[in-house]
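J.: Be aware that the sequence shown starts at 245, since it is given in this note's numbering, and climbs by one per residue.
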Amino acid sequence: MINIIEDFFNKESKHPAFTELQKSIKTYKNIQISQVAGALSSIILLLFYRKTKANKGIYIANNEDDALQIYNNLDYWIEQLQLNDKIYLQYLPSSYKNFDTFSINSSNEAMRLQCSELFADDDIVSLVITYPEAIVEKIPKSENIIKNKTKLKIGDRVDLNFLIELLLYYGYVEVDYVYEPGQFALRGAICDIYPFNANAPYRLLFKDETLSHVKLIDVVSQMSIQELTCIDILGSMDELNQTKVSIFQLLNINSIIWTSNFDLTNNNIEFFLNQLSDEINKEFIDYQEFITQINEFTNVNFSNTNVNYYDKLIQFDVKPLPIFTKILKDYHLFCKEKIYEGYSIYFTSPHYPAWERMQAIIEDMDIENDTEVLAYIKYLPTVFNEGFIDNQTKIIVVPEHQLFKKYLKPRLLNKIHKKQVTNIEELMELQPGDFIVHIQYGIGRFAGLEQLEINGNKQEVIKLMFKDDDVLYLNIQSMHKITKYICSDAKPPTLHKLGSIAWQNKKNKLKKHIKDIARELITLYAQRKAMKGFAFQKDNYLQIELESSFEYEDTPDQLKAIEEVKKDMESDYPMDRLICGDVGFGKTEIAVRAAFKAALDGKQTVILVPTTILAFQHYLTFSERLKEFPVTVEYINRFRTSKEQKEILRQLAEGKIEIIIGTHRLLSKDVKFNDLGLLIIDEEQKFGVAAKEKIRQLKTNVDTLYLSATPIPRTLQMSLMGARDISVLRTPPPNRKPIHTEVRTFEHKFIKKAIENEIERGGQVFFIHNNIETITEIANLIETLVPEARVGIA
245 MINIIEDFFN
255 KESKHPAFTE
265 LQKSIKTYKN
275 IQISQVAGAL
285 SSIILLLFYR
295 KTKANKGIYI
305 ANNEDDALQI
315 YNNLDYWIEQ
325 LQLNDKIYLQ
335 YLPSSYKNFD
345 TFSINSSNEA
355 MRLQCSELFA
365 DDDIVSLVIT
375 YPEAIVEKIP
385 KSENIIKNKT
395 KLKIGDRVDL
405 NFLIELLLYY
415 GYVEVDYVYE
425 PGQFALRGAI
435 CDIYPFNANA
445 PYRLLFKDET
455 LSHVKLIDVV
465 SQMSIQELTC
475 IDILGSMDEL
485 NQTKVSIFQL
495 LNINSIIWTS
505 NFDLTNNNIE
515 FFLNQLSDEI
525 NKEFIDYQEF
535 ITQINEFTNV
545 NFSNTNVNYY
555 DKLIQFDVKP
565 LPIFTKILKD
575 YHLFCKEKIY
585 EGYSIYFTSP
595 HYPAWERMQA
605 IIEDMDIEND
615 TEVLAYIKYL
625 PTVFNEGFID
635 NQTKIIVVPE
645 HQLFKKYLKP
655 RLLNKIHKKQ
665 VTNIEELMEL
675 QPGDFIVHIQ
685 YGIGRFAGLE
695 QLEINGNKQE
705 VIKLMFKDDD
715 VLYLNIQSMH
725 KITKYICSDA
735 KPPTLHKLGS
745 IAWQNKKNKL
755 KKHIKDIARE
765 LITLYAQRKA
775 MKGFAFQKDN
785 YLQIELESSF
795 EYEDTPDQLK
805 AIEEVKKDME
815 SDYPMDRLIC
825 GDVGFGKTEI
835 AVRAAFKAAL
845 DGKQTVILVP
855 TTILAFQHYL
865 TFSERLKEFP
875 VTVEYINRFR
885 TSKEQKEILR
895 QLAEGKIEII
905 IGTHRLLSKD
915 VKFNDLGLLI
925 IDEEQKFGVA
935 AKEKIRQLKT
945 NVDTLYLSAT
955 PIPRTLQMSL
965 MGARDISVLR
975 TPPPNRKPIH
985 TEVRTFEHKF
995 IKKAIENEIE
1005 RGGQVFFIHN
1015 NIETITEIAN
1025 LIETLVPEAR
1035 VGIA
């Protein structure tokens, strides 16, 4: 795979305009590159820094999203071409979560420190990707960071108490477990440290006041993942923040500044700096300072608008990809035409199944000469944020996400994510006196952590108390054997005695009960298999095309759930499955694909929801996802007129509507289906008893899918005992952004700014007020503060 990627970049390096650029940079100070499109700017950066011996560069994208996409391109390519030791790539974000406050993002601050250190070494090739708000933010001096480090290596004599005092002096915070820079955790002779300038925390193990092991640890699992020989601990951030400078002051004179569009960058920076409050303004350089300093270096501007202040104009001949309206037919004709003209076409995706899927779709469409066309399309197993047509090198790049109209999410940088649920966290939540269950010894009490001397070495252990004050010391490594005791009954449990057979008898009794349930389940499954339902066909090219057009990346749990739903639908007995997952985890997309699968076999789908708003939301989602396909989607609720309802029900009975979405109205006697094949029930727990009885009548021999974030106990019990199949979505979508929460006093200025920021972003604002009597006054206040906002009361 590396060979084909290497081959691609070697072809692009022979571009006559690129050769001209390499020569011009040695002579001219201001260069404009025009007629560029797609990911060409990323390719130029890679090719240039792959050939240069020692240089530094900064690429300023138009905005943060573009910067992440460019970084994502280069990060993939540098890793795949094994150039990590040749090109040091760094992302430079702003350290602020919110420019109206002093709220710092510690992971972003760590990346800025790494960037400053990178510029201290003039013997390496380094490239920094950034955006307007981040480039004008001041940064600690490189030499101060280097001076402010304490190096620890294996074999060093270290007084642990002194190390803790030093960390506290430096401003580190002691926590139960480390999850962001500036924290440390102490457990006996083990100290976890997350340095201010690190991408991940470290675990230090001490023996007889000597550092015996240094390990890199995973922030999510808190487990060691790599052995190291030494670490650098960065000192006080307060000292570093007192000597911040412009990033341009860290560059040597041979550095190059690349801009996506210099005029747009200037305008964005000027506008941004004018919006800053006086409080935070001192953390940024002013606009005139930016202009003066950037002009001290060689500037290369990617822009298709010709300007007269550049010494040299270099023209490529690169065009953006056309928009494929009928995705695959248009793409097929486009490929045939370009192949005839002598172009090489590269289909790009980091996921090989996407390439297999694309080939299968074209072959399944039964288009003339499809095999011949596929023979000229090469698969490039990497990422391009945007495709292009290079008319000089005769190369065309078609990224998977662009062809199927998806949104490409950059893979995660080394960002900080708080640990979710692990044994360590559960242990930290236990308080002395809490009941626990030990897999071998039964119910006891957690009595805290203690240090025991074993064979001359101090070890931290978990102390557990059982009946008659029996004590069990459990090694930290064996903590998977205990869980917190959970019971709906408020009555405290009876403790078990160490060495007694009571716990073993209880386990044996439970095993027998499980076997009885298993026998019942076997009988139940046999009865379900005996029921006959409709067996849907295997996926065809339209189903594959729909799934390929999903703009987000499927999570592993989502993919598994979809496969389970399809398997159920393709069997000859009725599906009865619960999809359980949190809000935003992808339940609706599973429903869309299931409904479309039913429609392709001429079957109708009814989607029952508890509220009129949810019905309309689902209608918009289903309509948007299926707009390119021959499927009719309708919805019915109390807001549709009587005339509209009658017409919808008539078309439904005649089979002209494939997917109908609605509330309780769809359970009325006048609702008739032409050929119902799939029933989808969203949030079943919100339907009443009478509605559920009608649903039972409706689902006879019909495939049924339940969607819920919080299933009712009966539904959950039926799923857990096997009477209903269950698919659980545990994995959140990739790159899901954390919620930013602030507690503040009621300030008109802050409310106005927050609402204006959200409106400017194209979003909506929910303002929750705690008093119905004065809610109109609050609405009037918002209209006064933000006249451009359309305000409603609910």
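Yeah, the Cβ is synthetic: ideal placement off N, Cα and C, and Gly gets one too.
Using alpha carbons as the reference points, say which of A835, R356 and F679 lies closest to I726.
T.: Considering only alpha carbons, the answer is F679.
J.: Of the residues S339, L716, I322 and L652, which one's Cα is nearest the Cα of A354?
T.: Closest by alpha carbon: S339.
J.: Between I275, L291, N247 and N274, which lies nearest to H259 when the distance is taken from Cα to Cα?
T.: When each option's Cα is compared against that of H259, the closest is L291.
J.: To the nearest angstrom, report how far apart Q427 and E418 are at their CA atoms.
T.: Looking at the two C-alpha atoms, the distance is approximately 6 Å.
J.: State the Cα-Cα distance for the pair H908 and Y879, rounded to the nearest angstrom.
T.: When rounded, the distance between both Cα atoms is 12 Å.
J.: Check whether the region 676–694 and the region 703–717 touch, using three or more Cβ-Cβ pairs below 8 Å as the test.
T.: A contact exists between the region 676–694 and the region 703–717.
J.: Within the region 346–423, note down every full beta strand (DSSP E) run reaching 3 residues or more, in order along the chain.
T.: Fully enclosed beta strand (DSSP E) runs of 3 or longer: 369–374 and 393–397.
J.: Tell me whether the beta-carbon of D926 lies closer than 8 Å to the beta-carbon of I851.
T.: Contact: yes.
J.: Measure from the alpha carbon of I314 to the alpha carbon of each residue in E808, K393 and F628, then state which is nearest.
T.: Among E808, K393 and F628, the Cα nearest to that of I314 belongs to F628.
J.: Closest by CA to I469, which one among L478, I408 and V458?
T.: If we check each option's Cα against that of I469, V458 comes out closest.
J.: Between the Cα of S490 and those of R356, Y729 and D309, spot the shortest distance and give me the residue it belongs to.
T.: If we check each option's Cα against that of S490, R356 comes out closest.
J.: Using the C-alpha atoms, what's the distance from N505 back to N539?
T.: Rounded to the nearest angstrom, the two C-alpha atoms are 15 Å apart.
J.: So what does DSSP say about D310, is it helix, strand or coil?
T.: In this structure, D310 counts as helix in the three-state DSSP scheme.
J.: Helix or strand or just coil, what does DSSP make of S793?
T.: Note: S793 maps to coil in three-state DSSP.
J.: Would the beta-carbon of P654 fall within 8 Å of that of N352?
T.: No; because the gap between Cβ atoms is not below 8 Å, this pair is not in contact.
J.: State the Cα-Cα distance for the pair K753 and V972, rounded to the nearest angstrom.
T.: If I take the Cα positions, the gap works out to 29 Å.
J.: Considering only residues of the same chain and omitting the five flanking positions on each side of N274, which have a CB-CB separation below 6 Å?
T.: So the list reads N543, Y554 and D555, once near-sequence residues are dropped.
J.: Going by CA-CA distance only, name the one from T549, N548, E514 and D522 that's closest to I535.
T.: Nearest C-alpha to I535: E514.
J.: Is K728 helix, strand or coil when you go by DSSP?
T.: Note: K728 maps to strand in three-state DSSP.
J.: Is the beta carbon of F528 less than 8 Å from the beta carbon of V380?
T.: Contact flag set, yes.
J.: Going by the beta-carbon positions, is the gap between K650 and F794 smaller than 8 Å?
T.: Cβ distance < 8 Å, so K650 and F794 count as in contact.
J.: Is it the case that the Cβ atoms of D436 and P445 are separated by a distance below 8 Å?
T.: In contact: D436 and P445 (Cβ atoms closer than 8 Å).
J.: Have a look at F450 and F406 and give me their C-alpha separation to the nearest angstrom.
T.: Their Cα atoms are separated by approximately 13 Å.
J.: Keeping to the same chain, check which residues put their C-beta closer than 8 Å to that of D403; ignore five residues upstream and five downstream.
T.: The residues are E453.
J.: Could you give the distance in angstroms between the alpha-carbon of G415 and the alpha-carbon of M481?
T.: Roughly 7 Å between the two C-alpha positions.
J.: Per DSSP, which residues does M709 bridge with? Please list them.
T.: DSSP output for M709 lists R689 and V715 as bridge partner(s).
J.: Go ahead and pull the three-state DSSP assignment for P260.
T.: P260: helix per DSSP, three-state reduction.
J.: One question on the structure: do M819 and K841 come within less than 8 Å of each other, judged by their Cβ atoms?
T.: Not closer than 8 Å, so no.
J.: Please work out which residues of its chain come closer than 8 Å, Cβ to Cβ, to T205, disregarding the five sequence neighbours upstream and downstream, and give them in chain order.
T.: For residue 205 there is no data in the structure shown, the boundaries of the chain being 245 and 1038.
J.: Where L1039 and E471 are concerned, what is the direct C-alpha to C-alpha distance, given to the nearest angstrom?
T.: No answer is possible for residue 1039: it lies beyond the span of the chain, which begins at 245 and ends at 1038.
J.: List the endpoints of the continuous alpha helix (DSSP H) containing V809.
T.: Per DSSP, V809 belongs to the alpha helix (DSSP H) from P800 to E814.
J.: Do L565 and F252 have their C-beta atoms within less than 8 Å of each other?
T.: The answer is no: Cβ separation not under 8 Å.
J.: Assign F534 to one of three DSSP states: helix, strand, or coil.
T.: If DSSP states are grouped into helix, strand and coil, F534 belongs with the helices.
J.: How many Å lie between W321 and S285 at the Cα?
T.: So the two alpha carbons sit approximately 13 Å from each other.
J.: Determine, using beta carbons only, whether S370 and S386 come nearer to each other than 8 Å.
T.: No. Outside cutoff.
J.: Label D216 either buried or exposed according to how many other C-beta atoms from any shown protein chain fall within 10 Å of its C-beta, with 16 as the threshold for buried.
T.: In this structure the chain extends from 245 to 1038, so residue 216 is not present and cannot be described.
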